[in-house]
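S.K.: Pasting in a structure now, in structure tokens, and then I'll have a few things to ask.
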Amino acid sequence: MSLDFYRRHAARLSRQYNEQAPERVHASWLRYLPVQPGRALDVGAGSGRDAAWLASLGWQVQAIEPVAALREAEPLAAGLAIDWCDDTLPQLSSQAGQESGYDLILASAVWMHLPPAEQTQALSRLQQLLAPTGNLVISWRNQADETERRFYPVDTAQFGEGVLLSSDDKYGRDGVVWRYVVMGPTGEGGVQ
1 MSLDFYRRHA ARLSRQYNEQ APERVHASWL RYLPVQPGRA LDVGAGSGRD
51 AAWLASLGWQ VQAIEPVAAL REAEPLAAGL AIDWCDDTLP QLSSQAGQES
101 GYDLILASAV WMHLPPAEQT QALSRLQQLL APTGNLVISW RNQADETERR
151 FYPVDTAQFG EGVLLSSDDK YGRDGVVWRY VVMGPTGEGG VQ
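Just so we're aligned, residue 1 is where the sequence shown starts under UniProt numbering, counting upward by one.
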């Protein structure tokens, strides 16, 4: 994973992340956001932008972020009921005993940092943590002209019947395309 890059650029990245409203960044999958708030897990929470947004909507949020400098750069989530953990995929050892405990799991802009074998392990772990009626949302971007961070290919076959979506880059970077998968129950209120 590219943790050193995020440590070195935490202040700049935090400002960049917080420039965009979560509703804009996540517009392509918002129709799958459960109407009734419950327990949410934000994996790779970065500056806390998405965790703060979910908490403001009434969600009980557990935010996972291994880079302390990002958590502390701009405390957007300060004063909100967010439980922060220093942990990483694929194990998420801080989540022992939380199996089937989350109604929403968001892994935004994380997946492309995991080698393919770790993507498989991480997906299995996140599915263990997801409540039977919960939704799992994973996003990743293409490599485009990225030179400072290591990005790995993402094989969408690993997501099975998940709903695949895409969007342009909300920061206007040329050639950057975001992909999303939403996985969860089918039927009323679920992923269809």
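Even glycine gets a Cβ: it sits at the ideal position worked out from N, Cα and C.
Mark residue 153 as exposed unless 16 or more other C-beta atoms lie within 10 angstroms of its C-beta, in which case mark it buried.
M.R.: Under this definition residue 153 is an exposed residue.
S.K.: Spell out a yes or no on whether the stretch 7-17 and the stretch 157-170 are touching, meaning 3 or more CB-CB pairs, one atom from each, closer than 8 Å.
M.R.: Taking 8 Å as the limit for Cβ pairs, the verdict is that the stretch 157-170 does not touch the stretch 7-17.
S.K.: With a threshold of 6 Å on Cβ separation, who are the neighbours of residue 185 within its own chain once the five nearest residues in sequence on each side are excluded?
M.R.: Only 133 meet the Cβ criterion.
S.K.: Can you say whether residue 86 is buried or exposed, counting buried as having 16 or more other CB atoms within 10 angstroms of its CB?
M.R.: Burial call: exposed.
S.K.: Starting from residue 88, trace the beta strand (DSSP E) both ways and give me its first and last residue.
M.R.: No beta strand (DSSP E) contains residue 88, which DSSP labels as neither H nor E.
S.K.: If you follow the beta strand (DSSP E) that residue 62 is in, where does it begin and where does it stop?
M.R.: From DSSP, the beta strand (DSSP E) with residue 62 extends over 60-64.
S.K.: Are the beta-carbon atoms of residue 163 and residue 141 separated by less than 8 Å?
M.R.: No. Outside cutoff.
S.K.: Quick check on the burial criterion: 16 or more other C-beta atoms within 10 angstroms. Buried or exposed for residue 61?
M.R.: Per the 10 Å Cβ criterion, buried.
S.K.: From 105, 99, 125, 84, pick the residue whose C-alpha is nearest to that of residue 34; which is it?
M.R.: Nearest C-alpha to residue 34: 105.
S.K.: Roughly how many angstroms lie between the CA atoms of residue 82 and residue 95, to the nearest whole one?
M.R.: Computed Cα separation, rounded: 15 Å.
S.K.: Please confirm whether residue 41 and residue 129 have their CB atoms less than 8 Å apart.
M.R.: Closer than 8 Å, so yes.
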